[in-house]
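Residue numbers (numbering that gives the first Met the number 0), protein chains in the order written: chain A, 0 to 686; chain B, 0 to 256; chain C, 0 to 319.
A short worksheet on the structure shown next.
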Amino acid sequence: MEPIIAPADFSLFGFIPTVIFSFLIPVVGVGCFAYIMARRVAPLVKAAPDNRFDQIPQRIIAVIKLWLLQWRQPRYMVAGVLHIMIFVGFLVLSIRSTQLVILGVSSKFAIPGFDTIIGDIYNVLKDYAATMVLVACIIAAYRRGVVKPARYAVPEKYGHDHTAEAIFVLGLISTLMISESLFEASELAASGHEKFLAPLSLVWFEYLLLSGASQGTLQAIHIAAYYVHDITFFFFLCFLPMGKHFHVITSVFNVFFMRMKKGNTKPVRHDVTEEQLDDLESFGVKKIEDFTWKHMLDFYSCADCGRCSDQCPANTVGRPLSPRFITIKGRDKLFANYPLRGAFAESKPLIGDIYEEDEIWSCTTCGACEQECPLGIEYIDKIVDLRRAMVDEGMVPQSLQKPLSALEKRGNAWGKMEKKRAEWAQEEEFAAQCQVKILDGKETADTLYFVDSISSYDDRMQALARATARILCAAGTDFGVLGKEEKDSGNEVRRFGEEMLFQSLKSHNIDAILNSGARHIVTADPHAFNAIKNDYHNDELPDIEHLSQYVARKIKSGEIRLKGVEDPSKIYTYHDPCYLGRHNEVYDDPRNAMDAIPGLKRVEMIKSRDRSFCCSGGGLMLFYEPEEEERMAVLRVKMAAEAGANVIVTACPFCLVNMEDAIKVAKMEDTMEAIDFSELIARHLDA
Amino acid sequence: MEILVCVKRVPDTEENEITISSAGNDIERDDLVYSVNEWDNYAVEEAIQIVDKVGGSVTVVTVGDDESEEVLRREMAMGAEKGILVSDDAFAGADGKGIATALKGVVEKEKYDLILTGAQADDGAGQVGGMLAAMLDLPYASLVNKIEVLDGKLKVGREIEGGNQEMSEIEMPCVLSIQTGINEPRYVGIRGIRKVASVEIPTFSASDLGVSAVEPALKKVDYFVPEMGEGAEMLEGSVEEMAEKLVELLKAKGGLK
Amino acid sequence: MAQIFAYIAHKDGVADDSALELATAAKAIDAGADVTAIVVGAGVDALCNDMAASYKSVWKIDKADVAYPNAEIIRAMLAKVVPGDAVVLMAHDTFGMDLGPGLSIKMDSPFAPDVVGIDGVDGSTLKMVRQEFGGQVSTHVACDIASGAVITIRPGSFAADESKSAGGAVADKTADAGDVTAKRKFLEVVEAEAGDVDITKSEVLVSVGRGIEEEENIEIARELAEAMGADLSCSRPIVDAKWLEKSRQVGTSGQTVKPKVYMAMGISGSFQHLGGIKGNPFIVAVNKNAKAPIFQVADIGIVADILEFMPELTEKVKSA
C-alpha cells in the first residue's frame, strides 16, 4: 500500500486543493463563533455590576474542585459518571482537535514535544478518551431517548421537549469521535506498518474493519473523515452558544465567578452603599438588564440537567416554581432580546412576561438548587432581586401585607406588643428554676440569648425559648435577653424583598446588641443565626453561635452533662434546618449532641445534610398561601417514618411548627412526634 | 375626575390590645401604634384606581394634629397626588359633626367631583360621610363596595344584609363611604413613604376654612369593659341536655335569627 | 319629653326583627311614652296594621318610588314629616347607616350611632352605652335630647317587645311627604351567590375544624348554620383539604371575623386560628378533647363529639 495523501496535500477531482477548505472552514468557523460570542456578551455589558473578583485563591480552588474534578457530578451517579467520561474525554481530546485543525493545513505538523514518548502516551490516552466518549454518548442517548429520567421532562407550560436537541448534540459528539478515529484508522490501514494501537479502542476496531479495504477507499475515507470532523467541529463550536451546550464554554468562568460565601443575600446593587439606597430610583430586577452580569452568565451556563428542580421542595409539592426553568426562560429571553441578527429588543418587565408572581413567591430560599448545581448557578439572589422589584411596584400578596405592616410597627410579624416580648420567661414554673436577665442597660451579661420573634410570641414556641434558657442556666453561662428592645432579626424580611424594612430592623438590632455589652451571642433560631452572622455586616458585633454548636461545645468541655435517654424504645431522626445546615454548614454539632445522650437511637433520613428537604418555613411562608398539591412538611415527616423513626428532631422553631402541623394533617399522631433540639437536650440535662 | 378622600389616623386594632386607662376616661394610649383607618385605605386605593382609568387626581385630607401627617404621607406614597392637613386646637376632641364641618370647609375651597370616606373608623360611628353629604347637599351612598364610572354619574353597589348588593345610580358630585373588600389595596413599603417625605402638605386652620368649632353633642362619660369570666363555663349533662341549655344561652346572646 | 319615633325596617311586607326591638328601646328612654312607628314603602297597609298592635300610633307613607327603601328619598321625606325636635330611633343596619347621619344634620339634632344600651333620661340628658375599637371597650355616653335626636340601635341589643298590647291607630302621612326627587336612583339588588358569603361581615358563625373528620360531615354543620341563620366558616385544615372555599377560613392567614357569636365546632383553638377572631364574640366551643386550648378563650365549653352534638343542637334550634 502506498502512504495516504493528507488533506493538506490532497486535490479534489484532481484539481481543487482541499487545503483551501482546511483554511476556509476554520476561518469561517472562528469568524462566526466570534460574532456569535460578541452578540452573547452584549447584554452582559449592559447588566448590573457584580463583585466577583475577590477571594481569588478560593475561586481557583473552586474551579479545581467543581470544574476540573467534577465534584458535584456523582451526586446523581449514573448521569454524573457519564458526564465525567465525556468531560475528561473532551479535555484530553482538546489537544488532538487543535492538532487536527493545523494538520489540515500542514501535513507534517507535530505538537512541540510530542515527537517523544509523551506523544505516544498521549496517542494511547486520546484513543481511549475517544472510545470512552462514544460509549458515554451511546448510553446517554439511550437514557434520554428510552429511559427518560423524570427530571429531564418538560412540563407543558414550559414548551416543547428538549430530548431532540439533547440527542442531536450527542450525535454531533459521536460524529466527532468516529470521524477522528476513522481519519487515523484509514491512514494506518493504508500505511501498513504496525503501529501500536490501543487495544479495544474505537480506532482499534475501525482499523480491523478497514484492514481489507482498497487504497482508493481508504483515501476517500481519510479525506472525508477529515472534513466531516472539521465541519462538525466548527459547526459544533458555533452551535455551543445557541443552547444548553454553551456551558461547555462558560462553565469554567461560571464556576470561577460563583458565590464564595454562603447564607448572605446580595446587596440591592453592588455599586450602591446602604446609605445611598434611599436615592435609588428603582429597586430590584424588573427587566432582564437589571440582573448582574454573573446572573446572566448563569442563564447561559445552564446545562438543562434538571437537578436543581429535582431537589427543589417547592417543585416537588407542585408549586408553580421550577428553578431549572427560571434559568432556561431567562436564557431564552436573553437570546430573544439580543438576537444574532437584527436589532436588540426593547426590554419589558419580566413579571407577567416570562415569570409569574406566584412562581417567584413560591420559593422558600432553602438553597437546595444552588447546592446541587454542578455549574455554580445561583438562584436565591435572583429570586430576592425579583421580589425586591415586586415589592417596589406594590405587587405584594394581600396575605403578606398585614405581617409586613406589623413588622414595621411592632418589630414582629404577629403584631404583638414589644413589651410582651420577654413574657415567655415569666411562666411560673420556669421562672422559679431559671432567672432570665433583661439586658436593658441596668443589667449586663457575658452572653446574649437572641430569641427572635417566633420563639418570643408563639405559645408553642415559647417552650423552646424556655428550654434554651434552661440549657444556658445548666451550663452556668451568664446570659440575658434584650427583651422589648429586640426586634425581628429580619432574615425573612430581606429574602422577601422588603430591603428598607430589613435595614431598619438590622440597625435597630445592632444598636441593641452593642448596647447590651454582651461578648457572645447564642440563638436557637437558625434564621436569626443566619441574619446576624451573614447579613448584618458589622465588625463590632460579637460572635454568634447556634444552640447546637454551643451545646456540642459544652458537652465536650464537660459543662453540660446529659442523662440517659427518657424512652429507650424511641427512634430519633434529625432534620437539618435549611438555615443551619445548607446555608451555614452546621451538620455535625446537633448530631454529636444528640449522640451524647446515652442510649439514644438515631437513624438518618436518605435526604439529610446538604440534601435535607425544606419544611417550607422560610421567607415569611407561615403567612403566605401558595398553590400546592401537598405540604412540604407532610412529605418530610413521611420521610422520617420511612427511615424508621418515630421522633423527628429539628433545630428550628419554624421547622417545628411545620412538622407538628404536618403530623396532624397526615394523621400520624400515633406514629410520629416532633420535638425541638432545645427541648430534647433540656429534658436530658443531668441536674 | 378630582377626588377627595377623607382619612383618619386611628389606633391599630389589629396590632394593639385596647385597655382602659387608670382614670377610666379614655383608653390607654401609651403603647399604641397608629395607622390609617383600614376603611379609609380602601377608599384611597379605589380613588387611585378610578383616576388611573379616567384621569384626574386624588387628594387626601385629614383633621388632626402634626402626627396625623404620617397617614397623609402613607396615602400619598400609595399614589395620592396631594395631601391636606386640617389642624386647629378648635377641632381637638371634635365629634363626627365637628369633623364633617371642618371637611366641608376643605371641600368648598376646590371643585371635587367625588368625595370618599371610609364606612366607619375606630369609634364605629360611620357618620362623617353622611353628615358631610347633608351639609353640602350632595347625594350620598354608604357601604359602597363597587364603583363604575359612567357619564356624569356613577353606578355604585352597596353592601346590604345577607351578602347582597344594592345597585344604584348616583349623580356627581356626591359623597360615598367605602366598605372594606371593595378592592385589594396595594402595598406601601418604607421606601415608598420615604420618597414622599419631602412633599409639601398645606395645613389649614379653622379660620383658613372659615368654619368654627362645634361642641360635641355626644359626651363620653367614661370607658369600661363589660364583665367576662375566666375560661369557658363548661356545660354538663347528656348531649340532649347540653344542646337545650345552649339554645337558651344563644337566644339570650342574640345568636339565633 | 319630645315625641319618640321608630323607623320600621321591612322587606317583602314583613317587619324586620329590629322593629319590635325599637319599641323596647323607646321604653328604656321613656317608659310612659307613646311611640310612633313610621312605615315607608309601597303597599304597606297590612304591615302598618300589624305595627299598630305594638305602637300607639303608626304613620304611613305609601308611595311607589319608595317601594325599595332609597335612603336619599326617605331622608328628605322624614325631614319634612317628622317634627324637628323628635327623637328618631332606627336600627343600625345598612339602611340605618345610610339614613341616619344625614337625617341628623337635616333635622339639626344630635346623632348617636350604634347604641347597645340605654340607661334612661336625667332631665333632658339621655344616657346610653356604645362600643368602640371593634367592641373591645364600651363607653357610657350622654346627650341632651331637648331639641331631639337621631339614634341608631344595634340590632339584637334590645329584646323585641312582643306584647302587642298597644292598640294603636294608623295615620296616612303620604300627602305630607310630598314629591321628592333624589340624585340617587335605585337600580336592582344583586343576590349573593352561595359561595359569595363574606364571613368577615357575619354576625353568627358556625365554624368547623379538624373534628369534622370527613368532607361529607360538613353537611351537618351547614344544617346547623342554616337553622341558626348563621354563616359557615372553618379553620385552615378544612381549606387545605379543599372541603370549603378559602373565603371561609378564619385565621391569621385567612379572614378576620368580628361576629357576635362564634360556634367553634371541633376546633382546637390554635393561635393562628384565634388570631382571626376579633372583637369580643360569645364563643361556644365543642370539642372531644377536654384539654383543647379553645376552652380557655371560649365562654361556653362542651366536651362532646361534634358529629353527635351538632345534629342534636340543630333539632333544638329548629324547635326553639
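Built from N, CA and C at the ideal position, the CB exists for glycine as well.
Looking at the DSSP output, Val-80 of chain A shares a beta bridge with no other residue. Contacts with chain A (Cβ-Cβ distance below 9 Å) from the region 179-191 of chain B involve Glu-183, Pro-184, Arg-185, Tyr-186, Val-187, Gly-188, Ile-189, Arg-190 and Gly-191, listed in chain order. Across the set A:Ala-642, A:Ala-189 and A:Ile-120, the C-alpha of A:Ile-120 shows the shortest separation from the C-alpha of Arg-95 of chain A.
For Trp-58 of chain C, the pairing in a beta bridge is given by DSSP as C:Ile-37 and C:Ala-170. Between Ala-424 of chain A and Thr-467 of chain A, the gap from beta carbon to beta carbon reaches 8 Å or more. Contact between Arg-552 of chain A and Asp-445 of chain A does not hold, since their C-beta atoms are separated by about 15 Å, which reaches or exceeds 8 Å. The residues Ala-41, in chain order, have a CB closer than 6 Å to that of Ala-66 of chain C in the same chain once the five nearest residues on each side in sequence are set aside.
Residue-level contact check: Asp-30 of chain B touches chain A, since one or more beta carbons of chain A fall below 8 Å from its beta carbon. Contact between the region 53-62 of chain A and the region 135-142 of chain A is absent: fewer than 3 CB-CB pairs across the two stretches fall below 8 Å.
The continuous beta strand (DSSP E) containing Glu-672 of chain A extends over residues 672-675. Shown here for Val-9 of chain B: same chain residues with a beta carbon closer than 6 Å to its own, the five before and five after excluded, namely Asn-36, Ala-120 and Asp-121 in chain order. The beta carbon of Thr-124 of chain C lies closer than 6 Å to those of Ala-141 and Asp-143 in the same chain, with the five residues before and after it left out.
Look at Cys-233 of chain C: its C-beta is not under 8 Å from any C-beta on chain B.
Where Tyr-127 of chain A is concerned, the enclosing alpha helix (DSSP H) starts and stops at 116-141.
DSSP places Leu-447 of chain A inside the beta strand (DSSP E), whose first and last residues are 446-448. Ala-24 of chain C and Ile-117 of chain C have their C-alpha atoms spaced approximately 7 Å apart.
Taken through DSSP and simplified to helix, strand or coil, Leu-113 of chain B comes out as strand. Taking C-beta atoms as the reference points, Val-60 of chain B and Met-0 of chain B fail to come closer than 8 Å.
Secondary-structure assignment with DSSP links Ser-206 of chain C through a beta bridge to C:Ser-232 and C:Ala-263.
CA-to-CA, the gap between Thr-216 of chain A and Asn-122 of chain A works out to about 24 Å. DSSP places Glu-147 of chain B within a strand segment (E or B) once states are collapsed to three. Under the Cβ criterion of 8 Å, Lys-260 of chain A is not counted among the residues facing chain C. C-alpha of Phe-676 of chain A to C-alpha of Ser-547 of chain A: approximately 8 Å in a straight line. By the 16-neighbour rule on beta-carbons within 10 angstroms, Ser-206 of chain B is exposed. For His-159 of chain A, the secondary structure class from DSSP, reduced to helix, strand or coil, is coil. In the structure shown, Ala-644 of chain A adopts coil according to DSSP, grouped into three states. At a cut-off of 8 Å between C-beta atoms, Asp-121 of chain B does not count as an interface residue with respect to chain A. When C-beta atoms of the region 162-181 of chain C are compared with those of the region 230-237 of chain C, fewer than three pairs fall below 8 Å, so the two segments do not count as touching. When A:Gln-275, A:Leu-406 and A:Gly-557 are compared, the shortest CA-CA separation from Asn-490 of chain A is found for A:Leu-406.
From the beta-carbon of Glu-170 of chain B, the residues of chain C found nearer than 8 Å are Lys-182 and Arg-183. The three-state reading of DSSP puts His-9 of chain C in strand, counting E and B together.
Assignment of beta-bridge partners to Val-114 of chain C by DSSP yields C:Ile-152. Around Gly-475 of chain A, the same chain offers Glu-558 as residues with beta carbons nearer than 8 Å, after the five sequence neighbours per side are excluded. When the Cα atoms are used, Asp-609 of chain A and Ala-165 of chain A turn out to be separated by approximately 29 Å.
Every beta strand (DSSP E) stretch that sits fully inside the region 185-243 of chain B and reaches 3 residues is listed by chain position as 217-223.
For Ser-267 of chain C, there are no C-beta contacts with chain B under 8 Å, since the nearest C-beta of that chain is about 14 Å from it.
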